[in-house]
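Undergrad: Okay, handing you the structure first.
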Amino acid sequence: MVKALADRLPARAPARLQLEGVRCAAVAVLLVDRGGAPFVPFTLRAEALRAHSGQVSLPGGGCEKEDADAVATALREAEEEIGVSPSSVRVLGVLDDVVSSSGYAMTPVIGELRGCRPDAYRPDAREVAQVFEAPVAVFADRRRAEWLGTRTYRGMTYELRAYRSEDGHRIWGATARVMEALVGLVVGEGEGA
611 MVKALADRLP ARAPARLQLE GVRCAAVAVL LVDRGGAPFV PFTLRAEALR
661 AHSGQVSLPG GGCEKEDADA VATALREAEE EIGVSPSSVR VLGVLDDVVS
711 SSGYAMTPVI GELRGCRPDA YRPDAREVAQ VFEAPVAVFA DRRRAEWLGT
761 RTYRGMTYEL RAYRSEDGHR IWGATARVME ALVGLVVGEG EGA
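Just so we're aligned, residue 611 is where the sequence shown starts under the numbering used here, counting upward by one.
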């Protein structure tokens, strides 16, 4: 999967969303090899957070003025939220922006996370209740997903599904749409398939 993404991502021009009143954000989709299969670390957001508390997300957040670009935002947030050093990530590229109902246009930054043991994450307790990994294969079969219908936000309509990780976490919303786009790109369906 990493090789396929390293070949495909640089050759494409990702779609950027620029909508009035929608903030720029970036998330880190960090691929880590676990016995030959790609896994991705997710966070369970802390209950004390005012937005999306208790939900599963990818490490990420709003773009700051000191961030050079979305890649810098994603790497900064991954370090702040789960303790991943930017030097341990080989950035492969970015996917099309995904809009969230909370008013963000998120740029998914795809990277290969090297040399990371499952117990090496250091979650920031103010934002993250737990870090867990899920295999990318969870998102490969949409027929196994829980259908949540369609949503329209700012004139954009998209399908919404929820997926269950092996340990029972429910991954849905913009996070699931990012993972679907990733899988779609690798299997040749394109993003948003």
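For each residue, glycine too, the CB sits at the ideal point set by N, CA and C. Just so you know, these numbers come straight off a predicted model, no measurement behind them.
1. Using C-beta distances below 8 Å, list every residue in its chain close to Gly713, excluding the 5 sequence neighbours before and after it, in chain order.
2. Could you check what DSSP says for Leu770 in three-state terms: helix, strand or coil?
3. Leaving out five residues before and five after Leu668 in sequence, what residues of the same chain have Cβ atoms less than 7 Å from its Cβ?
4. Just to confirm, are Arg724 and Val699 a CB contact at a threshold of 9 Å?
5. Just how far apart, CA to CA, sit Arg622 and Ala658?
6. Measuring straight from C-alpha to C-alpha, what distance separates Val796 and Glu737?
7. Can at least three beta-carbon pairs, one atom from the region 776–784 and one from the region 681–694, be found at a separation below 8 Å?
8. If we require 4 or more residues per run, which alpha helix (DSSP H) segments fall completely within the region 631–707?
TA: In terms of the structure at hand:
1. Gly631, Val632, Arg633
2. strand
3. Contacts found: Val637, Ala638, Val639, Phe652, Thr785, Val788.
4. yes
5. 39 Å
6. 31 Å
7. Contact fails: fewer than three Cβ-Cβ distances are below 8 Å.
8. Residue ranges of uninterrupted alpha helix (DSSP H) with 4 or more members, entirely inside the region 631–707 and ordered along the chain, are 680–692.
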